[in-house]
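Protein chains in written order, with our numbering: chain L, 1 to 181; chain B, 182 to 368; chain H, 369 to 543.
Backbone N, C-alpha and C fix where the C-beta goes; we use that ideal spot for every residue, glycine too.
Computed from a predicted structure; not experimentally measured.
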Amino acid sequence: MKSTSKKWTCSDVQDNIEAYLDTALPEQEMQLIKLHVQDCHGCQGELKLAQRIQQSLRTLPPKPCPEVVTSSTLAAVRQQRYAKWRNALLHKRVWRPALAGASFLLLALLLLDRVFWHDTAPPYSSEEVALAELDVKWTIAYLGNLGKKTGVTVRDQVLEPEVVAPLQEALRAVIGSENEH
Amino acid sequence: MKTIKIMTIMLVLLFAVALFGQEESLKKNPGYFNLDNIRTTFSDEPTLEINLEGFLLSMAASATKVAEPDLAEVLDNLLYVRVERYDLPRDKRDEVQGKNGELAKKLDKEGWERVVRVRENEDDVYVYLKPENKKIVGIVVMAIEGSKSVLFANIVGNIDPDQIGRLGNRWDLNHLDSARWESRRRR
Amino acid sequence: MRTFKKMMHQHRDRVFTFALYYLGQYEEAEDVTQEVFVRLWKYGDRVEAGKLEHWLITVTRNACFDALRRRKVYQAHVTSTDLSERDFAELADDADSPEQLTENSDFQEKLEHALAKIDDPYRSILILREIQDYKYEQIGDALDLPLNTVKAYLHRGRKMLREQLKCVWEDEKHI
C-alpha cells in the first residue's frame with residue numbers, strides 16, 4: 001500500500017482508480033485521491049474512463065440461450081442414454097440367469113422412456129444423417145485429393161492385376177471357345 | 182405372466198445378441214483394420230474424427246438417393262468409415278513414422294495391397310487396398326501431412342475405386358472442410 | 369429427466385452468457401453450453417446439494433478454456449474468415465436495437481472486444497462480478513481464490529480494460 005504521508009503522483013492515483021471507485025481504499029487514501037483528481041486534468045480523464053467502463057460493464061445485457069442449444073443438448077443426452085444401455089447389455093454375461101431380472105428392468109425403462117418422451121424419432125436425426133453425408137463426402141474427396149497429389153490411380157496399381165486382367169482373361173476364354181465352335 | 186416374462190427376456194436377449202453380432206461381423210470383415218491402438222500414441226484428442234457404421238450410412242444413402250444417386254450408390258455399399266486426424270508435434274514425428282511403418286508391415290502380412298507409398302518433402306503416405314473375389318473390400322490410409330498432422334482412415338465395404346475417384350474429384354476438400362466445421366458448430 | 373430439463377431451463381442463460389462474453393463467439397458459446405449440460409446430466413448426481421451454481425461456473429470456465437484450445441486448431445483449418453470480427457459484430461447487433469446503435473453501443477462493442485482479450489482469471493472475474501452480478505464469495509469459491517484476491521483482480525481487470533480502451537476514449541473525445 002502507498003504511504004499516505006507523501007503526496008500522491010499521477011501514476012499512484014491511476015493505479016488505484018478502480019479501488020477508489022469501489023470505495024475499497026482507507027478513508028485517508030480516498031481523500032488524497034479526491035484532492036489530486038480535483039486539480040489534475042489527466043487523472044480526471046482516467047477517472048471518467050474508469051467510470052464509463054464500470055457502468056458499461058454493468059449494463060451489458062445477459063444473453064438468452066438459443067432454443068436450439070436446449071434441443072440439441074437433450075438429443076445428445078438421449079443418445080448417450082441409449083449408448084449406456086447398449087454397453088450395459090453388451091458387457092453383461094448374457095448366459096447367466098441373473099440377466100433375466102436386469103433385462104426385464106431394462107425393457108421397463110425403455111417403455112418408460114417411450115412414455116415420457118412421446119416421440120418416435122428414428123435412432124438418427126436428419127441432422128446426424130446430413131452430417132454423415134458430409135463426412136463421407138469429405139473422406140471421398142480426401143482420397144481423390146490424395147490420388148491427385150500422389151499421381152497414382154488405383155486402377156493402374158491394383159485393379160489391373162486383380163480385377164481387369166482376370167476379367168479380360170475370362171472374356172478371352174469365352175470368345176476363344178465360341179470361335180472353336 | 183410367466184410367458185410374458187420369458188418372451189420379454191427372449192426379446193432383450195435377441196436385441197443384445199443382434200448388437201453384439203453386428204459389431205463382431207464388422208471386425209471379421211476382411212476390409213476392416215483395427216485402428217484403436219493409434220489413439221494411445223497421442224495425448225490430445227483427434228482434431229478430426231469420423232466414425233460411421235452401417236445403419237447411419239444406409240440412412241444417408243436413402244437421403245441422397247434423389248439429389249445425388251451416384252453418391253447414394255457408394256453410400257449403400259459402404260459398411261464402415263473411420264477417419265482420425267491428430268496434430269503431430271515435431272518431437273512425435275519419428276515415433277509416429279516408426280509406428281506407421283510397423284502398421285504397414287502388418288498390413289502387408291495380412292494380404293493388403295500397397296497402392297501408394299510416397300515420401301516426399303515432409304509427406305509420408307501409405308494407401309492400402311484389400312482385394313477379395315475381384316473386388317475391393319477395404320481401404321487403409323496412413324498419411325503424415327507435412328509437419329502439421331497425421332491422418333488414419335479405414336473404409337470397409339464394396340468399393341468401386343473408379344467411382345470413388347470420380348466423386349472425389351467432384352467436391353472441393355476445403356469447401357467440405359468448412360461445411361463440416363460449420364455444421365458441427367451449429368449442432 | 370424432468371429434473372434435468374428443469375435445471376437446464378433455470379441455468380442455461382447464465383451459462384450461455386458467461387460463455388458468450390468469455391469467448392466472444394456465438395457458435396462456440398452454444399457448443400460450450402451444450403457441453404456443460406451434457407456433463408451435468410452425466411455427473412449431476414455427484415454435485416453436492418447447494419453447490420450447483422459453483423459447479424456450473426467451474427465447468428463452464430473449463431469448457432471455455434477447451435474451446436479456446438480448439439479454436440487454434442480450427443483457425444489453422446479455416447483461415448479465410450476472421451471469425452472473431454464477424455461474431456463480435458453479431459454480438460453487438462444482438463445486444464442493441466438499431467436505434468441504440470449510437471456512440472454508446474460502439475463503446476460497448478469495443479468493450480466486449482477488449483474483455484474477450486484480457487487474460488484469465490481477470491476475464492472470468494469481470495464477467496462473473498460486473499456482468500452477472502455474482503457475489504465475491506461465490507466467485508472466490510468457484511475460482512478457488514481468497515476474497516481479497518478476487519477484489520484485487522477485479523480492479524486489476526478493469527484497469528487492463530482501461531488501458532486497452534484509452535485510444536477509443538481519446539478518439540471519442542475528439543469527435
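Cutoff 9 Å: Met376/H Cβ touching any chain L Cβ: Here residue 376/H corresponds to residue number 8 of the third sequence, with the count starting at 1. Output row for Met376/H: interface = yes.
Residue interval of the alpha helix (DSSP H) (run including Leu57/L): On the first sequence, residue 57/L is found 57 positions in, with the first residue counted as 1. Looking at the DSSP string, the run of the alpha helix (DSSP H) that includes Leu57/L is His41 to Thr59.
Beta-carbon gap between Arg271/B and Leu332/B smaller than 9 Å: By 1-based counting over the second sequence, the position of residue 271/B is 90. By 1-based counting over the second sequence, the position of residue 332/B is 151. Taking 9 Å as the Cβ cut-off, Arg271/B and Leu332/B do not qualify as a contacting pair.
Inter-residue Cα distance where the pair is Leu388/H and Thr228/B: By 1-based counting over the third sequence, the position of residue 388/H is 20. By 1-based counting over the second sequence, the position of residue 228/B is 47. Going by the C-alpha atoms only, they are around 23 Å apart.
Cβ-Cβ distance between Leu436/H and Leu391/H below 9 Å: In the third sequence, the residue the question calls residue 436/H occupies position 68. In the third sequence, the residue the question calls residue 391/H occupies position 23. Result yes, Cβ atoms of Leu436/H and Leu391/H sit closer than 9 Å.
Closer than 9 Å to chain L by CB, Gly319/B: To locate residue 319/B, count along the second sequence from 1; it is residue 138. Closer than 9 Å: no.
Assigned exposure category for Asp305/B - 16 Cβ within 10 Å defines buried: As a first step, residue 305/B must be located in the second sequence, where it is residue number 124. Buried: at least 16 other Cβ atoms inside 10 Å.
Interface flag, Glu421/H vs chain B, CB-CB below 9 Å: Sequence index remark: in the third sequence, residue 421/H carries index 53 (1-based). No - not a single Cβ of chain B is within 9 Å of the one on Glu421/H.
Cβ contact (3+ pairs, closer than 8 Å) linking the segment 345-355 of chain B and the segment 268-283 of chain B: No contact exists between the segment 345-355 of chain B and the segment 268-283 of chain B.
Gly133/L at chain B interface by Cβ criterion, 9 Å: In the first sequence, residue 133/L corresponds to position 133, counting from 1. Correcting the residue type first, residue 133/L is Glu in the shown sequence and not Gly. It does: the Cβ of Glu133/L has a partner Cβ on chain B nearer than 9 Å.
Member of Tyr521/H, Glu505/H, Phe405/H and Asp487/H whose CA lies at the smallest distance from the CA of Phe433/H: One-based indexing of the third sequence puts residue 433/H at position 65. Nearest C-alpha to Phe433/H among Tyr521/H, Glu505/H, Phe405/H and Asp487/H: Asp487/H.
Run of the beta strand (DSSP E) containing Lys311/B, from where it starts to where it stops: As a working note, residue 311/B is residue 130 in the second sequence. Element bounds for Lys311/B: Asp304 to Glu313.
DSSP-derived helix/strand/coil call for Asp217/B: Reading the second sequence from its first residue, position 36 is the one you call residue 217/B. In the three-state reduction of the DSSP assignment, Asp217/B falls in the helix class, which pools H, G and I.
Chain-ordered chain L contacts of Asn350/B [CB-CB under 9 Å]: Position 169 of the second sequence holds residue 350/B. Within chain L, the residues Ala141, Gly144, Asn145, Gly147 and Lys148 have their CB atoms less than 9 Å from the CB of Asn350/B, given in chain order.
Distance, Glu498/H Cα to Gln55/L Cα: Position 55 of the first sequence, counting from 1, holds the residue named residue 55/L. Position 130 of the third sequence, counting from 1, holds the residue named residue 498/H. Looking at the backbone, the Cα of Gln55/L and that of Glu498/H are separated by about 9 Å.
Closest by C-alpha distance to Asp212/B, when choosing among Glu363/B, Val299/B, Arg300/B and Asn258/B: For the purposes of this step, residue 212/B is taken as the residue at position 31 of the second sequence. The sequence given here places Gly at residue 212/B; Asp does not occur at that position. Cα-wise, what sits closest to Gly212/B is Asn258/B.
Endpoints, alpha helix (DSSP H) assigned at Tyr124/L: For this step, residue 124/L is matched to residue 124 along the first sequence. DSSP places Tyr124/L in no alpha helix (DSSP H); its state is neither H nor E.
Within chain H, partners of Pro66/L - CB distance below 7 Å: Position 66 of the first sequence, counted from the first residue, corresponds to residue 66/L. Glu398, listed in chain order.
Where Ser224/B sits in the DSSP three-state scheme: Here residue 224/B refers to the residue found at position 43 when the second sequence is read from its first residue. In the three-state reduction of the DSSP assignment, Ser224/B falls in the coil class, being assigned neither a helical nor a strand state.
Contacts of Thr245/B in chain L (Cβ-Cβ under 8 Å): Sequence index remark: in the second sequence, residue 245/B carries index 64 (1-based). Under the 8 Å cutoff, chain L gives Glu133.
The alpha helix (DSSP H) enclosing Lys316/B, as first and last residue numbers: Your numbering for residue 316/B matches position 135 in the second sequence. No alpha helix (DSSP H) contains Lys316/B, which is instead part of the beta strand (DSSP E) from Lys316 to Glu326.
Cutoff 7 Å; reference Thr470/H; Cβ partners in own chain excluding five residues on either side: The residue you call residue 470/H lines up with position 102 of the third sequence. Reliability fails at Thr470/H, whose pLDDT of 49 lies under 50, so the model's placement of it is uncertain and no value is given.
Where Ser72/L meets chain H, residues with beta-carbon distance less than 7 Å: The sequence position of residue 72/L within the first sequence is 72, counting from 1. Close to Ser72/L, with beta-carbon spacing below 7 Å, are these residues of chain H in chain order: Gln402.
Anticipated Cβ contact below 8 Å, Ile495/H with Phe386/H, distance rounded: Numbered from its first residue, the third sequence carries residue 495/H at position 127. Numbered from its first residue, the third sequence carries residue 386/H at position 18. Between Ile495/H and Phe386/H a beta carbon distance of about 6 Å is seen, short of the 8 Å cut, so the two are scored as contacting.
Buried versus exposed, by CB contacts within 10 Å (16 or more), Phe236/B: Counting from one through the second sequence, the residue named residue 236/B turns up at place 55. Exposed is the call here.
Contact with chain A by Lys63/L, beta-carbon distance below 9 Å: Among the protein chains in the structure shown, which are L, B and H, there is no chain A.
Buried or exposed by the 16-neighbour rule on C-beta atoms within 10 Å, applied to Arg370/H: Against the third sequence, residue 370/H aligns to sequence position 2. Here Arg370/H is exposed: its Cβ has fewer than 16 other Cβ atoms, across all protein chains shown, within 10 Å.
Rounded separation between Tyr479/H and Arg438/H - CA only: Position 111 of the third sequence, counted from the first residue, corresponds to residue 479/H. Position 70 of the third sequence, counted from the first residue, corresponds to residue 438/H. Checking the sequence, you will find Leu at residue 479/H rather than Tyr. Take the alpha-carbon of Leu479/H and the one of Arg438/H: they are about 24 Å apart.
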